[in-house]
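Inspection log for the structure reproduced underneath, given as structure tokens.
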Amino acid sequence: MEKGALLYEGKAKQVYATQDPERVILHYKDDATAFNGVKKAQIADKGVVNCRLSAYFLEMVRPTVPVHFEKQLSPRDQLCRKVEIIPVEVVVRNRIAGSFAKKLGLAEGGLLSRPVVELFYKSDALNDPPVNEDAALALGWAKAWELLCMREYALEVNRILIGFWDGLGVDVVDFKLEFGRIGQQVVLADEITPDGARLWERGTGRHLDKDVFRRDLGDLSETYREIYHRVFGEQVS
Ligand code: UDP
Numbered sequence: 333m334e335k336g337a338l339l340y341e342g343k344a345k346q347v348y349a350t351q352d353p354e355r356v357i358l359h360y361k362d363d364a365t366a367f368n369g370v371k372k373a374q375i376a377d378k379g380v381v382n383c384r385l386s387a388y389f390l391e392m393v394r395p396t397v398p399v400h401f402e403k404q405l406s407p408r409d410q411l412c413r414k415v416e417i418i419p420v421e422v423v424v425r426n427r428i429a430g431s432f433a434k435k436l437g438l439a440e441g442g443l444l445s446r447p448v449v450e451l452f453y454k455s456d457a458l459n460d461p462p463v464n465e466d467a468a469l470a471l472g473w474a475k476a477w478e479l480l481c482m483r484e485y486a487l488e489v490n491r492i493l494i495g496f497w498d499g500l501g502v503d504v505v506d507f508k509l510e511f512g513r514i515g516q517q518v519v520l521a522d523e524i525t526p527d528g529a530r531l532w533e534r535g536t537g538r539h540l541d542k543d544v545f546r547r548d549l550g551d552l553s554e555t556y557r558e559i560y561h562r563v564f565g566e567q568v569s
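Counting in the numbering used here, the sequence shown runs from 333 upward without gaps.
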């Protein structure tokens, strides 16, 4: 499958048309951004690491969660079903961190007694503001059954990710998912990578995610190479 026209360029990926109107190619770039694009950098091999990690996790959840991903075409390219993106981002939290800690005046790190699902309106112009289900319904962004699917799929992804990372001694603090629709089906779209998740090494609390870049905690390229090695048991080549 060859890349056709560039349909869309986001902060970390490009979306290309293919000869098949129902399929697109996602190309993973090395660009990292934070604070809605205010902070930017090139992170060597980030695209390669995230492309393989996302393919791996999307395959892992596929048995119970429909996904847009079909196959990896090259180290930076994935063939995916074309979806209509639902403009509601779903965040799942297991521990207190980030905007949740800030808005509630809580210290980061505390374990939540059950996962918390939050919704955000996908809008760079507005900095992804929090929304609730009523707003998403009233504004026509999603149907009630779609929101229900998104919540259940997000919690299922959470269970799977917790189980996987637990085996590697890493806590899944929180992560963000995006969903799309194909006809009458809701599918997990976008990516599952450390760009959109908080992963803390158990015991040390070391960040194995994009907070290393956001908070100037070290070399993100090295951190991502290390994650790749931990997950796949080999170096990024
Ligand atoms: N997140 C993301 N994209 C965003 C905002 C958040 O991928 O535009 C992820 C982030 O990496 C974290 C989770 O969603 O794993 C929760 O983020 P939070 O709401 O705490 O916001 P932040 O502190 O990152 O601004």
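Note that the Cβ used here is the ideal one computed from N, Cα and C, for glycine as well.
Since we're looking at a predicted model, the values are computed, not measured.
Check	Outcome
Nearest residue (CA-CA) to residue 367, options 426, 504, 466, 430	430
Residue 548 CB to nearest heavy atom of the ligand UDP below 7 Å	no
Three-way DSSP call (helix, strand, coil) for residue 543 in this model	helix
Integer Cβ distance of residue 279 from residue 502, believed to fall under 8 Å	As displayed, the chain neither begins before 333 nor continues past 569, which places residue 279 out of reach and without an answer.
Residue 512 versus 490, 401, 552, 497, residue with shortest Cα-Cα distance	401
Contact under 8 Å by Cβ, residue 428 with residue 437	no
Beta-carbon spacing of residue 517, residue 398 below 8 Å	yes
Residue 290 beta carbon near the ligand UDP (any heavy atom closer than 7 Å)	Examination of residue 290 is not possible in this model, given that the chain is present from 333 through 569 alone.
Contact under 8 Å by Cβ, residue 504 with residue 497	yes
Rounded Cβ spacing between residue 450 and residue 489 (contact assumed at less than 8 Å)	Incorrect: roughly 15 Å between the Cβ atoms, too far for contact.
Heavy atom of the ligand UDP within 7 Å of residue 489 beta-carbon	no
The stretch 376-390 in contact with the stretch 470-485 per 3-pair CB rule at 8 Å	no
Length at least 3, wholly inside the stretch 504-549: the beta strand (DSSP E) runs in chain order	517-521, 529-533
Beta-ladder partner(s) of residue 348, from DSSP	338, 357
Element boundaries [beta strand (DSSP E), containing residue 421]	420-427
Bridge partners - residue 559, DSSP secondary structure assignment	Answer is none; residue 559 lacks a bridge partner.
Sub-8 Å separation of residue 393 and residue 494 beta-carbons	no
Boundaries of the beta strand (DSSP E) in which residue 571 is found, first to last residue	This structure leaves residue 571 out entirely; the chain is present only between 333 and 569.
Beta bridge counterpart(s) of residue 462 as assigned by DSSP	452
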